[in-house]
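A.B. asks: Handing you this structure, nothing more for now.
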Amino acid sequence: MLRDVISTFTRMKRYKFTGESNPCDLCGSVDRDVVGRRDRYGNPLQTCLCRNCGLVFTSPMPTDMEVDNFYRRFYRKSYHNAYKPTAKALLRAERGAASRFEAVRPVLKRGARVLDVGSASGNFVRFMTDQGFETIGIEPNQAFAEYSRSEFGINVQATIWQEAEIKNGSIDVITANHVIEHFRSPVAALQTFHLWLKPGGAVYISVPNIYNPDRTPYGRFHFAHIYNFTRETLIMLALKAGFEMSEDYPGDGTNILFLRRDVPVKNWQIYPDVYTNLKTYFATYTNKRYFFSSKPYKRWVRRMRKLGGDMIKARTDR
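Under the working numbering, read the sequence shown as residues 19 to 336, first letter to last.
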């Protein structure tokens with residue numbers, strides 16, 4: 019309990035940055051609406067909605083150097099209040115690893131090479147290695163990468179994706195679990211993934227869904243999430259970078275398995291109403307509406323039950 023309280027105050031600490039104004043990473047437009055001026059902790063953070071394609075992003079956006087410094091030195095401490103994985107984080111990572119394996123199972127072949135971008139504590143890399151797949155992780159935080167290597171004996175590169183030593187055409191499946199929303203250019207990242215993948219390869223992407231009525235409106239935005247996606251903007255991003263969604267496994271919300279195409283889709287902007295829908299959503303789904311509904315109280319009950327279950331399991335595993 020004390021750790022959770024300390025963690026909350028740690029997260030509230032503002033990471034100061036200068037930033038710069040950039041065009042929309044998806045469509046290149048500079049026409050945008052401001053949809054947020056504070057993060058979930060009340061710190062100044064301007065968030066914008068692209069009027070052309072509907073992508074939501076921080077603007078001014080932290081520079082390359084500011085983002086790199088944040089993730090190498092501050093992110094894990096800010097987000098988890100720890101420089102190495104906690105028991106709670108490891109338990110959640112173990113559950114997530116098994117779930118992600120099921121998500122990519124349809125495209126896994128014997129001897130497949132798997133890459134996990136943003137491997138964190140390394141649980142998924144270890145899980146896939148134990149399943150018999152040659153698996154590599156990329157993790158920018160030095161302490162978490164070192165923990166992965168020393169604890170599990172797995173192959174993790176302690177670097178950012180732009181500097182990772184991955185040969186083009188060498189990977190069968192890439193996973194990025196709650197990762198690309200942290201990048202300054204998700205388009206550039208997915209285009210690089212396209213190069214790393216073999217023909218016929220696949221990428222599994224999972225990101226938070228900004229269009230989520232179950233989420234508290236005041237908690238929508240925070241510094242670590244430079245971009246905020248809907249299912250539609252995530253699909254358009256993938257199309258532009260050279261991927262397509264398979265009808266056989268369309269995923270769930272913003273958790274999608276994409277197949278590598280030989281060439282990107284030229285006319286990728288297939289959802290013209292995203293801006294209008296999100297503009298209406300942000301304007302109507304307010305804090306007042308949320309707290310006068312039953313959702314926050316049901317959510318609290320679910321969290322308390324889950325916390326109790328996690329505490330019991332953690333004690334049992336000791």
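Heads up, the beta-carbon is just placed ideally off N, CA and C, and yes, glycines get one too.
#1: May I have the straight-line CA-CA distance separating T104 from N159, to the nearest angstrom?
#2: Between which two residues does the beta strand (DSSP E) harbouring Y222 extend?
#3: Look at the alpha carbon of L133 and the alpha carbon of V74, and state the distance between them as a whole number of angstroms.
#4: By how many angstroms is the C-alpha of T302 removed from the C-alpha of T193?
#5: Identify whether K126 lies in helix, strand or coil by the three-state DSSP scheme.
#6: Can you tell me the Cβ-Cβ gap for Q287 and C71, rounded? I've got them flagged as a contact below 8 Å.
#7: If distances are taken between C-alpha atoms only, which option among V125, G60, V52 comes closest to M263?
#8: Whole-angstrom Cβ separation of E183 and Q175, contact assumed at under 8 Å?
#9: At what residues does the beta strand (DSSP E) containing Q64 begin and finish?
#10: Got a sec? Which residues, its chain only, sit under 6 Å from R128 by beta carbon, not counting five neighbours each side?
#11: Taking Y229 as the reference, which of V292, G46, Y59, R55 has the closest Cα?
#12: Give me the Cβ distance between R167 and E152, rounded to the nearest whole Å; I'm assuming they're in contact under 8 Å.
#13: Taking the continuous beta strand (DSSP E) assigned at V74, which residues delimit it?
#14: Whose C-alpha, out of Y165, A161, A121, P231, is nearest the C-alpha of M146?
#15: From the DSSP output, which residues share a beta bridge with I192?
#16: Does the stretch 269-289 touch the stretch 202-221, meaning 3 or more C-beta pairs lie closer than 8 Å?
#17: Which residues mark the beginning and the end of the alpha helix (DSSP H) in which D49 is found?
#18: Suppose only complete runs of 3+ residues qualify. What are the beta strand (DSSP E) ranges in the stretch 233-303, listed by chain order?
C.D. replies: Straight from the coordinates:
#1: 15 Å
#2: 215-224
#3: 27 Å
#4: 34 Å
#5: The residue you asked about is not Lys; residue 126 is Leu in the sequence shown. Coil.
#6: 6 Å
#7: V125
#8: 6 Å
#9: 62-68
#10: none
#11: V292
#12: That belief does not hold up - the Cβ atoms of R167 and E152 are roughly 16 Å apart, past 8 Å.
#13: 74-76
#14: A121
#15: L133, V221
#16: yes
#17: Unbroken run through D49: none, as it is neither H nor E.
#18: 261-263, 273-278
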